[in-house]
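Numbering (the working numbering), first residue to last: 3 to 196.
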């Protein structure tokens, strides 16, 4: 019987894009001088890496397909809400006043009848904001540490110090991508053993 680990295939394209994008991101200070130009260059590196990832990897194509499905669902919800609103306005009002229909129903209630209730918006918003704040704090701290390491190496007279940092972090990012246990499930590689 074949184990899931043996059946799992590494998406080499995804690994390469992740590693090279990380290398390019951290190597920018060796290539570009002024701080504002570095910001623009890093934005370009990030956009290029994300664009390539969405265009040529299995995960990227899956994400694009998911976005299309969400867009279709939103379109369907709007259509259903529009039809419900038309039905409410289409008939003549009885002489004794408006009908008993509540016009203040959320449009999403039309399509979500019988669905699981949504979590409390305040709790969900707080958890989301906290997760985003933590992620940003970790990213900023990591970025500062990597930049400082590159500057220390520059002060020691090493050539291309930030590129060296980028190479180390690029290899680590590529390894993390290659070892991602959910990659096989996302790409559909894991199937039940026969």
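Glycine residues also receive a C-beta, built at the ideal position from the N, C-alpha and C atoms.
If we ignore side chains and look at the alpha-carbon of each, how far apart do residue i and residue j end up?
i: residue 106; j: residue 183; result: Bear in mind that a pLDDT of 48 at residue 106, under 50, signals an unreliable position, so the number given afterwards is only what the model happens to contain. Each residue's Cα considered, the two are about 46 Å apart.
i: residue 24; j: residue 161; result: 19 Å
i: residue 13; j: residue 27; result: 21 Å
i: residue 65; j: residue 159; result: 44 Å
i: residue 163; j: residue 34; result: 13 Å
i: residue 39; j: residue 45; result: 10 Å
i: residue 60; j: residue 49; result: 18 Å
i: residue 171; j: residue 122; result: 39 Å
i: residue 76; j: residue 11; result: 34 Å
i: residue 174; j: residue 147; result: 15 Å
i: residue 83; j: residue 43; result: 44 Å
i: residue 129; j: residue 142; result: 20 Å
i: residue 137; j: residue 126; result: 16 Å
i: residue 79; j: residue 86; result: 10 Å
i: residue 62; j: residue 178; result: 17 Å
i: residue 140; j: residue 176; result: 19 Å
i: residue 124; j: residue 134; result: 15 Å
i: residue 109; j: residue 70; result: Low per-residue confidence applies at residue 109: pLDDT is 49, beneath 50, and the placement is therefore not dependable, though the value from the model is reported in the following sentence. When rounded, the distance between both Cα atoms is 21 Å.
i: residue 169; j: residue 67; result: 32 Å
i: residue 88; j: residue 149; result: 59 Å
Pull up the CB-CB distance for residue i and residue j, whole angstroms please, since I reckon it's below 8 Å.
i: residue 47; j: residue 72; result: That belief does not hold up - the Cβ atoms of residue 47 and residue 72 are roughly 27 Å apart, past 8 Å.
i: residue 167; j: residue 151; result: 5 Å
Among the candidates the options, whose CA atom is the shortest distance from the CA of residue i?
i: residue 153; options: 27, 32, 12, 14; result: 32
i: residue 41; options: 145, 83, 82, 88; result: 145
i: residue 58; options: 74, 165, 15, 70; result: 15
message: Tell me whether the segment 14-25 and the segment 42-55 touch, counting them as touching only if at least three CB pairs, one residue from each stretch, are closer than 8 Å.
response: yes
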